[in-house]
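J.: Numbering (the UniProt record's numbering), first residue to last: 1 to 386.
Using N, Cα and C, we set each Cβ at its ideal position, and we do this for glycine too.
As the structure is a prediction and not an experimental result, all values here were calculated from the model.
One structure coming up, written as structure tokens, with questions to follow.
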Amino acid sequence: MKDKLMLMIPGPTPVPESALLAMARGPIEHRSKDFTAILEEVTDGLRWLHQTTSDVFVFSASGTGAMEAGILNTLSPGERVLVGVNGKFGERWAEMSEQFGLNCERIETPWGIPYPVEIFQEKLAADHEKTIKAVILTHSETSSGVANDVQAIAAAARAHGEALVIVDGVTSVGAMPVLMDEWGLDVVASGSQKGYMIPPGLGFVAVSERAMAASQRSTFPKYYWSFELAQKSLKQGTTPFTPAVNLFYALQMTLQMMRAEGLEAIYQRHAKLAQATRAGVKALGLKLLVEPESAASPAVTAVMAPEGINADMIRSVLKKQFDLATAAGQDHLKGKIFRIGHLGFISDRDVLMTMATLEAALHTVGYSEFTPGAGTRAAADVLAHS
Ligand SMILES: Cc1ncc(COP(=O)(O)O)c(C=O)c1O
1 MKDKLMLMIP GPTPVPESAL LAMARGPIEH RSKDFTAILE EVTDGLRWLH QTTSDVFVFS
61 ASGTGAMEAG ILNTLSPGER VLVGVNGKFG ERWAEMSEQF GLNCERIETP WGIPYPVEIF
121 QEKLAADHEK TIKAVILTHS ETSSGVANDV QAIAAAARAH GEALVIVDGV TSVGAMPVLM
181 DEWGLDVVAS GSQKGYMIPP GLGFVAVSER AMAASQRSTF PKYYWSFELA QKSLKQGTTP
241 FTPAVNLFYA LQMTLQMMRA EGLEAIYQRH AKLAQATRAG VKALGLKLLV EPESAASPAV
301 TAVMAPEGIN ADMIRSVLKK QFDLATAAGQ DHLKGKIFRI GHLGFISDRD VLMTMATLEA
361 ALHTVGYSEF TPGAGTRAAA DVLAHS
């Protein structure tokens with residue numbers, strides 16, 4: 001049905017009406033006091049969201065652009081980096097690092113299994129010559145629904161003393177704690193179409209003082225992505241290039257909404273929605289990809305399709321019959337899993353509707369090894385008691 005699509009994917013996520021309406025205005029001159037006021041308010045909100053006193057730069061880009069900016073500004077060709085790989089987005093970090101000629105050491109675990117923190121700790125502790133220049137991590141691995149222990153690895157990097165901590169926070173910022181200063185993170189990259197609750201188009205990079213100092217030494221060529229240019233402009237209340245003015249209107253609105261809800265409440269809401277989703281799918285006899293469940297991301301849940309049923313058939317029924325979009329499995333998990341996003345502008349009701357429609361879709365594709373209503377009931381129980 002036209003205009004009825006319900007997005008339960010890990011991005012783009014639903015956009016509140018107030019943010020959509022905020023964008024439905026003519027753009028203003030970006031070299032103006034009015035835009036400076038918006039930029040300053042938004043920058044303040046971004047610092048709050050990342051729990052940092054450092055700068056957060058906004059690029060007109062998707063999250064991958066923000067990730068690339070992080071690498072290009074803080075490192076130099078040939079430098080040794082440890083890259084955590086347990087899904088599609090860790091792969092992306094590794095590919096990017098290799099493409100730029102970094103000496104990339106992958107620390108791999110299968111998709112669905114969290115990073116082996118002790119391997120990072122051992123490698124950092126053994127590196128007396130300080131050859132490791134960065135650990136590059138994915139916080140919430142959207143392809144598999146794992147939340148990696150970035151905090152523990154960052155602590156090991158801080159003890160090492162030299163290695164920067166570069167983090168993909170694309171589906172963690174605005175969903176779970178990303179305590180940039182307290183944890184000692186140096187670069188956190190993210191994108192607007194996720195926990196920020198606005199459409200795609202803005203890439204965010206939070207940059208520590210250490211990372212800014214590293215940017216003075218970095219020899220990668222850069223222009224559009226330059227942190228130095230971004231910082232110089234930000235100090236003057238402006239951006240180096242034309243910003244996506246209308247997306248800033250929307251961001252101003254959603255950051256106000258986030259402030260009103262409060263950070264702790266945002267984290268708790270996501271944790272509760274994720275727990276309810278996991279309880280619901282398990283009550284339907286379906287298995288989660290993530291192991292152990294305590295490592296599950298609060299932003300997205302990866303669900304294994306029942307034996308003999310293609311996950312994309314389930315997704316197809318959900319979409320065609322119920323106007324509900326879920327995400328597919330990627331690479332080797334295509335057809336084997338489907339992913340339910342519960343990130344950003346999502347409420348209890350959305351999870352209950354997802355469970356009810358999932359039950360109906362499972363019936364349609366020929367799987368009914370569950371008590372009717374069991375998934376909705378289990379999710380409702382979690383929602384009622386947390
Ligand atoms: C964890 C993670 N990293 C990176 C990206 C890439 O972001 P974008 O598609 O905005 O470039 C995504 C997008 O889904 C993601 O979930």
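Please state whether the Cβ-Cβ distance between His363 and Val188 is less than 8 Å.
T.: No, Cβ-Cβ distance for His363 and Val188 is not below 8 Å.
J.: Anyone know if the C-beta pair for residue 387 and Thr142 falls short of 8 Å?
T.: The shown model of the chain, from 1 to 386, leaves out residue 387, and the question about it has no answer.
J.: Quick check: is any heavy atom of ligand 2 less than 7 Å from the C-beta of Val170?
T.: Although ligand 2 was asked about, the structure shown includes only ligand 1 as ligands.
J.: Can you find at least 3 beta carbon pairs, one from the region 256–268 and one from the region 28–37, that sit closer than 8 Å?
T.: Taking 8 Å as the limit for Cβ pairs, the verdict is that the region 28–37 does not touch the region 256–268.
J.: Measuring CA to CA, which of Leu286, Gly101 and Glu293 is closest to Phe338?
T.: Answer by Cα proximity: Leu286.
J.: At a cut-off of 7 Å, would you count Gly11 as near ligand 1, judging by its Cβ distance to the nearest heavy atom?
T.: Yes, since a heavy atom of ligand 1 falls inside the 7 Å radius drawn around the Cβ of Gly11.
J.: Could you say which of Pro27, Ser140 and Met253 lies nearest to Glu17 if we only look at CA atoms?
T.: Among Pro27, Ser140 and Met253, the Cα nearest to that of Glu17 is on Met253.
J.: Short check: CB of Ile71 to CB of Phe89, under 8 Å?
T.: For Ile71 and Phe89, no; Cβs fall outside 8 Å.
J.: State the Cα-Cα distance for the pair His385 and Gly87, rounded to the nearest angstrom.
T.: Rounded to whole angstroms, His385 to Gly87 spans 33 Å at the Cα level.
J.: May I ask which residues mark the beginning and end of the alpha helix (DSSP H) holding Ile136?
T.: No alpha helix (DSSP H) contains Ile136, which is instead part of the beta strand (DSSP E) from Ile132 to Thr138.
J.: Over the uninterrupted alpha helix (DSSP H) stretch that includes Asn73, give me the two end residues.
T.: Counting along the chain, the alpha helix (DSSP H) containing Asn73 begins and ends at Gly63 to Thr74.
J.: Taking just the CA atoms, how far does Gly174 sit from Arg259?
T.: If I take the Cα positions, the gap works out to 11 Å.
J.: Is Glu108 closer than 8 Å to Leu82 when the C-beta atoms are compared?
T.: Contact flag unset, no.
J.: How would you label Ser294, buried or exposed, when you count the other beta carbons within 10 angstroms and need 16 or more for buried?
T.: Its Cβ having fewer than 16 others within 10 Å, Ser294 is exposed.
J.: Going by beta carbon distance, what residues of the same chain come within less than 6 Å of Asn310, once the five residues before and after it are set aside?
T.: Answer for Asn310: Gly335, listed in chain order.
J.: Quick one: using the 10 Å Cβ neighbour count with 16 as the cut-off for buried, is Glu95 buried or exposed?
T.: Glu95 comes out exposed.
J.: Helix, strand or coil for Thr171, going by three-state DSSP, please let me know.
T.: Coil at Thr171, not helix or strand.
J.: Are Pro199 and Leu247 touching if we call contact CB-CB under 8 Å?
T.: Against a cut-off of 8 Å, the Cβ pair of Leu247 and Pro199 comes out as a contact.
J.: So the candidates are Ile346, Ser54 and Val382; which of them puts its Cα closest to the Cα of Glu182?
T.: Of the candidates Ile346, Ser54 and Val382, the one whose C-alpha sits nearest the C-alpha of Glu182 is Ser54.
J.: Looking at Phe57 and ligand 1, is the gap between the Cβ and the nearest heavy atom below 7 Å?
T.: No, the Cβ of Phe57 stays beyond 7 Å of every heavy atom of ligand 1.
J.: Could you pull the DSSP bridge partners for Ala296 from this structure?
T.: Val146, per the DSSP bridge assignment.
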